[in-house]
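Colleague: Let me give you the structure first, and then I'll get to my questions.
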Amino acid sequence: MIVSNPPYIRSGDMPNLQPEINKWEPRNALDGGEDGLRYYRTILSEARGYLAFSGVIFLEIGEGQAEEVSGIAMQNSFCNIAVIKDYAGTERIVAVRAL
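Quick note on numbering: the sequence shown equals residues -8 to 90 in this note's numbering.
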């Protein structure tokens, strides 16, 4: 099982974050690259080397990223993909299973 909350904020959105976030949080803990998806590409392209057969990956995502992260998972031959919403009804987790 792999569980990750990778940086998922688009680089261009970093200046628009709340001032206290930019002041106290390290940039590399937040900045997910130009489209916010850099770390998802890396994780999903390398995950099979760390997962047992039928292993699961849970990835926290930013608002509006479920479709793109699911697409990255499909490009990496993950086919059992689910999107889980948080208590506010926002798509928050993409779960994939290696088969």
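C-beta atoms are modelled at their ideal positions from N, C-alpha and C, and glycine is treated no differently. If you're wondering where the values come from, they're calculated on a predicted model, not measured in any experiment.
Do isoleucine 52 and serine -5 have their C-beta atoms closer together than 8 Å?
Modeller: Result no, Cβ atoms of isoleucine 52 and serine -5 do not sit closer than 8 Å.
Colleague: Indicate whether leucine 90 and asparagine 71 have their beta-carbon atoms separated by less than 8 Å.
Modeller: Yes, the pair counts as a contact, with Cβ atoms nearer than the cut-off.
Colleague: Along the alpha helix (DSSP H) that carries alanine 57, what are the first and last residues, could you check?
Modeller: Looking at the DSSP string, the run of the alpha helix (DSSP H) that includes alanine 57 is 57 to 66.
Colleague: Please name the residue in Leu50, Arg88, Ala64 whose C-alpha comes closest to that of glutamate 82.
Modeller: Minimum Cα distance to glutamate 82 is reached at Leu50.
Colleague: Would you kindly work out how many angstroms separate the C-alpha atoms of proline -2 and alanine 43, rounded to a whole number?
Modeller: One C-alpha to the other measures close to 25 Å.
Colleague: Run through the stretch -2 to 38 for me and flag every whole alpha helix (DSSP H) of 4 or more residues, listed as ranges in chain order.
Modeller: Qualifying alpha helix (DSSP H) stretches, in chain order: 10 to 15, 29 to 37.
Colleague: Taking the C-alpha atoms as reference points, what is the distance between isoleucine -7 and glutamate 25?
Modeller: Roughly 24 Å separates the two Cα atoms.
Colleague: In terms of alpha-carbon separation, which member of Trp15, Ala38, Leu28 lies closest to glutamate 58?
Modeller: The candidate whose alpha carbon is nearest that of glutamate 58 is Leu28.
Colleague: Are the CB atoms of arginine 1 and serine 45 within a distance shorter than 8 Å?
Modeller: Cβ distance not < 8 Å, so serine 45 and arginine 1 don't count as in contact.
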